[in-house]
Amino acid sequence: MTVLARFLVTGAAGFIGRSIVAELLRRGETVRGIDNFLTGKRENLVGLEGMEFLEGDLTDPFVCMRACAGVEIAFHEAALASVPRSVEDPVGTNRNCVDVTVNLLEAARGARVRRVVYAGSSSAYGDTPTLPKHEAMPEHPLSPYGVAKLAGEHYVRSFTRVYGLETVVLRYFNVFGPYQDPASYYSGVLAVFCRKMLAGEQPTIFGDGEQSRDFTYIDNVVHANLLAAEAPAERVSGQVLNTATGIRNTLNDTFRILRELTGYIGDPEYTQARAGDIRDSQADISRAAELMGYVPLVDFREGLRRTVEWYRETEIAEGIFKLHGQRARRVTSVVPALA
Ligand code: UD1
608 MTVLARFLVT GAAGFIGRSI VAELLRRGET VRGIDNFLTG KRENLVGLEG
658 MEFLEGDLTD PFVCMRACAG VEIAFHEAAL ASVPRSVEDP VGTNRNCVDV
708 TVNLLEAARG ARVRRVVYAG SSSAYGDTPT LPKHEAMPEH PLSPYGVAKL
758 AGEHYVRSFT RVYGLETVVL RYFNVFGPYQ DPASYYSGVL AVFCRKMLAG
808 EQPTIFGDGE QSRDFTYIDN VVHANLLAAE APAERVSGQV LNTATGIRNT
858 LNDTFRILRE LTGYIGDPEY TQARAGDIRD SQADISRAAE LMGYVPLVDF
908 REGLRRTVEW YRETEIAEGI FKLHGQRARR VTSVVPALA
């Protein structure tokens, strides 16, 4: 007998998607995951054998229909992340962030999915100088990635207002933790720094290192997703909620903490700031606290400690780093615009 999945996770072979699947399975839920392996990795599915997995591309509306059939709640994590990648390839970013979101929403509506939880991004705020960033502030995205993630938000909210689909937008702030790909030029900075510093390689800081981020450990993001799925519709549906810690750290400070944790000796190399980069980012998390009882479970230092430990162990265990590296090269070679 086939058991219908109650939950759908898009981008299930990605860092955030696979972490949500793992927690759902741990809770005994039935889960379907989908990924096209554009940036997701097969290695990330290890341990998720209890999930029904579909390999497919959400740019195809029929794939979206198949993915949504029978589902009650969808977590939409699939995207082509990275600010610099979007600067190089805005069309690819649009296709894999905006087109897939509209397709998924339309399929969710057709399949009578009750709720969609959408992975938004702090990049929607862009270079507004006000700190901390509050959801009531006007957005000012700078990079094509920020624009694409914000366009997705608008579609999501439109589907609530026009069609009555329950939706929650979680605006993630610089998520990091185990399973984040450390091997690509487009990887998040903490994954890159952990890999390099553990290998004794010099990390590079783009700019003066005084830029700051509200670095958010993955467990907090998984926790927020489950709260967003469970909270009453009258409290959260149609809402945009920052998902972060509420505290920011500069890259220079972060480098110093990582030096202690990894045992790396030496200084970073400083080079030119990255195009499309914003200076400071820090969230006001009071709305998520008020509407769904969100409080961060793991603080920055503890998150970094766990992350460094994971990369350290993963490196020892069967050369997963090497696998990550091979995957990153394969992905860039099949998408010419990214090569
Ligand atoms: C942005 C979003 C984030 C989103 C991510 C998706 C903001 C504030 N954040 O992250 O929510 O999840 O895109 O990709 O818009 N850096 C170095 N050396 C490196 C790599 C990066 O110095 O080797 C610097 C970057 O120039 C940047 C900072 O580290 O100043 C963070 O970069 P990154 O981890 O790529 O994330 P954002 O672009 O901030």
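Per this note's numbering, residue 608 is the first one in the sequence shown, and the count goes up by one each step.
Glycine included, each C-beta is placed from N, C-alpha and C at the ideal position.
As the structure is a prediction and not an experimental result, all values here were calculated from the model.
For a test of the three-state rule: what should DSSP assign to Y877, helix, strand or coil?
Sequence index remark: in the sequence shown, residue 877 carries index 270 (1-based). Y877: strand per DSSP, three-state reduction.
Hey, which unbroken runs of the alpha helix (DSSP H) at 4 residues or more fall wholly within the region 702 to 784?
Fully enclosed alpha helix (DSSP H) runs of 4 or longer: 707 to 717, 751 to 770.
Considering only the beta carbon of each residue, do F813 and L797 sit closer than 8 Å?
To locate residue 813, count along the sequence shown from 1; it is residue 206. To locate residue 797, count along the sequence shown from 1; it is residue 190. In this structure, L797 does not lie closer than 8 Å to F813 by Cβ.
Taking DSSP's pairing of strands, which residues face V616 in a bridge?
For the purposes of this step, residue 616 is taken as residue 9 along the sequence shown, with counting starting at 1. Answer by DSSP bridge pairing, in chain order: G640, F682.
If contacts are defined as beta-carbon pairs under 8 Å, then T774 and Y732 qualify, I think. What distance do you get, rounded to the angstrom?
Numbered from 1 along the sequence shown, position 167 holds the residue referred to as residue 774. Numbered from 1 along the sequence shown, position 125 holds the residue referred to as residue 732. Not quite, the Cβ-Cβ distance comes to about 20 Å (not below 8 Å), so this is no contact.
Please find out if some non-hydrogen atom of the ligand UD1 comes closer than 7 Å to the beta-carbon of N781.
On the sequence shown, position 174 is the one that residue 781 refers to. Taken from the Cβ of N781, at least one heavy atom of the ligand UD1 lies inside 7 Å.
Out of curiosity, what's the CA-to-CA distance linking T811 and L805?
For the purposes of this step, residue 811 is taken as residue 204 along the sequence shown, with counting starting at 1. For the purposes of this step, residue 805 is taken as residue 198 along the sequence shown, with counting starting at 1. Spanning the two alpha carbons is a distance of roughly 14 Å.
May I ask which residues mark the beginning and end of the beta strand (DSSP E) holding V847?
Along the sequence shown, read from residue 1 onward, the residue named residue 847 stands at position 240. DSSP places V847 inside the beta strand (DSSP E), whose first and last residues are 846 to 850.
Give the DSSP bridge partners of E953, in chain order.
A question about residue 953 goes unanswered here, because the residues of the chain that appear run from 608 up to 946.
Any idea which residues DSSP pairs D887 with across the strands?
Position 280 of the sequence shown holds residue 887. Answer is S819, bridged to D887.
Thinking C-alpha only, which one of T823, D788, T857, N849 is nearest D815?
Residue 815 sits at position 208 when you count from the first residue of the sequence shown. Closest option to D815, Cα to Cα, is T857.
Cutting at 6 Å between CB atoms, please list the residues of its own chain near G657, excluding the five before and the five after it.
Residue mapping note: residue 657 aligns to position 50 of the sequence shown, counting from 1. Hits under 6 Å: L632.
Count the other CB atoms, across all protein chains shown, that sit within 10 Å of the CB of F669; report buried if there are 16 or more and exposed otherwise.
Counting from 1 along the sequence shown, the entry for residue 669 is found at position 62. Exposed, because fewer than 16 other Cβ atoms sit within 10 Å of the Cβ of F669.
Can you give the Cα-Cα distance for P748 and T861, rounded to whole angstroms?
In the sequence shown, the residue the question calls residue 748 occupies position 141. In the sequence shown, the residue the question calls residue 861 occupies position 254. The straight-line gap separating the alpha-carbon atoms of P748 and T861 is approximately 25 Å.
Below 6 Å CB to CB, which residues in the same chain sit around L834 once its five sequence neighbours on both sides are set aside?
Looking up residue 834 in the sequence shown gives position 227. Only M899, Y901 meet the Cβ criterion.
Which same chain residues end up closer than 6 Å to R886 when comparing Cβ atoms and leaving out the 5 residues on each side of it in sequence?
As a first step, residue 886 must be located in the sequence shown, where it is residue number 279. Within its own chain, the residues whose Cβ lies closer than 6 Å to the Cβ of R886, once the five positions on either side in sequence are excluded, are Q818, listed in chain order.
Who are the Cβ neighbours of T700 in its own chain at under 6 Å, not counting the five residues just before and after it?
Walking along the sequence shown from the start, residue 700 turns up at place 93. Counting only Cβ-Cβ distances below 6 Å, and skipping sequence neighbours, we find L687, S693, P751, Y752, A755.
By the three-class DSSP mapping on this structure, what secondary structure does Y983 have?
Missing from the structure shown is residue 983; the chain here goes from 608 to 946 and no further.
May I ask you to check if the CB of R847 is nearer than 7 Å to at least one heavy atom of the ligand UD1?
Here the question's residue 847 lines up with position 240 in the sequence shown. Per the sequence shown, residue 847 should be read as Val rather than Arg. No, the ligand UD1 has no heavy atom inside 7 Å of this Cβ.
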